[in-house]
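Report on one structure; see the data block that follows.
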Amino acid sequence: MDQSQLAEVERLCQALYTGNNSALRAEAQQQLLTLQSSIDFIPQCQFILDNSQLPYAQLVATSSLEALVTQFWNSFSPEQKLDVRNYVLRYLGNNAAVLQEFVVGHMTKLSCRITKLGWFDSPEHREIVDEIRKFLEASVDHSLIGLKLLNALVDEMNTPTTGRSLTVHRKTAVSFRDQTLLQIFEITVITLRNLQNPNREK
């Protein structure tokens, strides 16, 4: 993808989310759905995130990554799975102060979806709370995103994913509950106390 293609994506996003013409909105949506058709579009989604300041384009790129990860999970190598998760966390960290709320919501969901699907693939996925802790120990903006990540993680782990067996879902949810849930509760309480009183001892 280059800058001219990015400009076209942004035009389609504007047409989809702000346009008044239903036919043009439907056409824009159809063209943007191409980004969800193959894992070959992952670099394009990342290019959009890296280069666009348009929140609707960031939303489309994030939603497309979530669809790609969910639909083509078994086509990813273990390294690719972690790379995408770490990319999303870095993006959140680098842009904590400027992202729109609805973009943050989709990005936290994406990182937690990857964590859930990869829970038994490698230990790094089960160490997600250590990654989130870095947000909680940074600025207020980062801490708020860290809390949203923890909330999204609990929600994701308790929600079955279309196309995945309930047996796998239950096994993942039980493992998450036993290994991680108490830790999340404890650090959430501490973080909220520190946000209310920054001088409070941790």
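Under UniProt numbering, the residue at position 135 of the sequence shown is numbered 135, and the numbers go up by one with no gaps. Think of the CB as a built atom: it goes at the ideal place given N, C-alpha and C, for glycine as much as any other residue. Predicted, not measured: the structure shown is a model, and the values here were computed from it.
The three-state secondary structure of Q29, taken from DSSP, is helix.
DSSP places M107 within a helical segment (H, G or I) once states are collapsed to three. Relative to Y56, the option among R85, S77, E101, N20 whose CA is nearest is E101. Closest in C-alpha terms to F76, from the list D141, G93, V103, I42, comes I42.
Taking C-beta atoms as the reference points, I114 and L150 fail to come closer than 7 Å. Put simply, of T34, C45, N95 the residue whose alpha carbon is nearest the alpha carbon of D2 is C45. Comparing alpha-carbon positions, the option among L59, T167, V104, W119 lying closest to L144 turns out to be V104.
By the criterion of a C-beta distance shorter than 7 Å, Q36 is surrounded in its chain by S64, A67, L68, once the five residues flanking it on both sides are discounted. Considered as a whole, the UniProt domain "Importin N-terminal" (28-94) harbours 42-51, 55-71, 78-94 as its complete alpha helix (DSSP H) runs of no fewer than 4 residues, in chain order. In the structure shown, P160 adopts coil according to DSSP, grouped into three states.
Residue range 182-196 is occupied by the alpha helix (DSSP H) that includes T188. When K171, L92, A152, T172 are compared, the shortest CA-CA separation from A138 is found for L92. About 6 Å separates the beta carbon of L54 from that of C13, a gap short enough to meet the 8 Å contact definition. Listed in chain order, the non-local C-beta contacts of V154 below 8 Å within the same chain comprise L181, I184, local neighbours out to five positions each way being set aside.
Between the alpha carbons of I39 and Q71 lies a distance of about 9 Å. Rounded to whole angstroms, the Cβ separation of L16 and T62 is 14 Å, and the two are not in contact under 8 Å.
Scanning its chain for C-beta atoms nearer than 6 Å, with the 5 sequence neighbours on each side dropped, one finds around V88 the residues M107, L110, S111, in chain order.
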